[in-house]
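Numbering (the numbering used here), first residue to last: 912 to 1216.
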């Protein structure tokens, strides 16, 4: 690598093309430059080596013994570079990398990916389960799904749907809940990364002064749902994360009217580039899947903040 740094890549490319084609003129035509430019690049390489690479004769360029050895390696090296770039370009065209929060990926996105693959069999999907900030112009991430107030500077942010909340519990616990006051006798499962969830919901129902019993606390919304499924208390759920558990009966929403959080789901991507065909395909599929989610459990009526 240190040796390579002493030579300009353009000079090596000119040497390789001239040797392979046997002519400065043919090399210039292939590289899209003048014959004089190729000649100067070859001369610089020879001066750097301190020995001639070619002899010039009436029939064109003839490699010296040094040139023969050098040209074989250069041709092989540029062929490998070309193959590597071709592979990288093919990967860029057929691989879609999506960044999404781990909990949304695990509880909602992954169980539905088979439908995406069926609709787009030629597109390979890579999931980056992360909430880290992404530079879409320099990373290999194509698009992301984020929850927040949005939009954000420096990225393209397309609104997907509002985020809403409602209490969730096991069917056994739900059997004993008739009104909101019944919640005080049950453990309230807490997501301590979203401590405002319960206050937002209680305020929407006019029950801000209701004192809930502290239940288990977790740093992950998925664990809160799992605890609710296990009957360990009542949790606050998002419509996306709770959708499957509600449908198959593992969870019940005793107060199904959803409450808006003021946040929303957004599709985020580069603000500098137009969305590619593969990003548009993912957006179309995602919007169709989210249309099936709705604001909350079937038949729910929205409570405004």
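All residues carry an ideal CB built from backbone N, CA and C; glycine is no exception.
Extent of the continuous alpha helix (DSSP H) run through residue i
i	result
residue 952	946-960
residue 1026	1024-1030
residue 1082	1082-1085
residue 1062	Unbroken run through residue 1062: none, as it is neither H nor E.
Spatial distance of residue i from residue j (CA atoms)
i	j	result
residue 1129	residue 1101	6 Å
residue 1213	residue 1037	Below a pLDDT of 50, predicted positions are generally treated as unreliable, and residue 1213, at 35, falls in that range; the measurement from the model is reported next regardless. Roughly 35 Å between the two C-alpha positions.
residue 929	residue 972	8 Å
residue 1166	residue 1148	12 Å
residue 1127	residue 1084	16 Å
residue 1018	residue 1193	18 Å
residue 1040	residue 1016	7 Å
residue 1090	residue 1203	28 Å
residue 945	residue 923	16 Å
residue 1216	residue 1022	Here the model assigns residue 1216 a pLDDT of 33, short of 50, so the residue's position is not dependable, and the following value carries that caveat. Their Cα atoms are separated by approximately 31 Å.
residue 1014	residue 1139	15 Å
residue 968	residue 948	19 Å
residue 1125	residue 1112	16 Å
residue 1133	residue 920	52 Å
residue 1153	residue 1169	12 Å
residue 914	residue 988	Confidence is the limiting factor: at residue 914 the pLDDT is only 48, short of 50, which leaves the residue's position unreliable and the question unanswerable from this model.
residue 1114	residue 1008	39 Å
residue 1035	residue 1003	10 Å
residue 1199	residue 1158	18 Å
residue 953	residue 1049	35 Å
residue 1099	residue 1012	24 Å
Reference residue i; option with closest CA among the options
i	options	result
residue 856	1142, 1170 and 1168	A question about residue 856 goes unanswered here, because the residues of the chain that appear run from 912 up to 1216.
residue 1183	1087, 1147, 1047 and 1109	1047
residue 1137	1167, 1155 and 1005	1155
residue 1094	1195, 1104 and 1080	1080
residue 1109	934, 1145, 1034 and 1085	1145
residue 982	933, 1023, 1197 and 1140	933
residue 961	1029, 975 and 1158	975
residue 1190	1010, 1116 and 1117	1010
residue 990	1158, 931, 979 and 1012	931
residue 1179	1170, 1197, 1169 and 1162	1197
residue 984	1005, 927 and 967	927
residue 1181	957, 1055 and 936	1055
residue 1032	1042, 1006, 1052 and 1049	1006
residue 966	978, 956, 958 and 955	978
residue 1058	1050, 1068 and 1051	1068
residue 970	935, 953 and 993	935
residue 1104	1050, 1025, 1066 and 1135	1135
residue 1187	1092, 1052 and 1201	1052
Residue interval of the beta strand (DSSP E) (run including residue i)
i	result
residue 1149	1146-1149
residue 1075	1066-1079
residue 1098	1098-1102
residue 1036	1035-1040
DSSP state of residue i mapped onto helix, strand, coil
i	result
residue 1049	coil
residue 1012	coil
residue 1212	Note that residue 1212 scores a pLDDT of 34, beneath 50, so its modelled location is shaky; the value from the coordinates is reported in the next line. If DSSP states are grouped into helix, strand and coil, residue 1212 belongs with coil.
residue 922	helix
residue 964	coil
residue 1155	helix
residue 980	helix
residue 1122	coil
residue 886	Residue 886 cannot be examined here, being either before or after the span of the chain that is shown, 912 to 1216.
residue 1166	coil
residue 975	coil
residue 1175	strand
residue 1057	strand
Cutoff 9 Å: residue i Cβ touching any chain D Cβ
i	result
residue 1059	Any reference to chain D falls outside this structure, which holds one protein chain only.
Take every Cβ of the segment 1073-1084, pair it with every Cβ of the segment 1170-1184, and state whether three or more of those distances are shorter than 8 Å. yes
Counting pairs of Cβ atoms below 8 Å between the segment 1076-1090 and the segment 1048-1066, do you hit three or more? no
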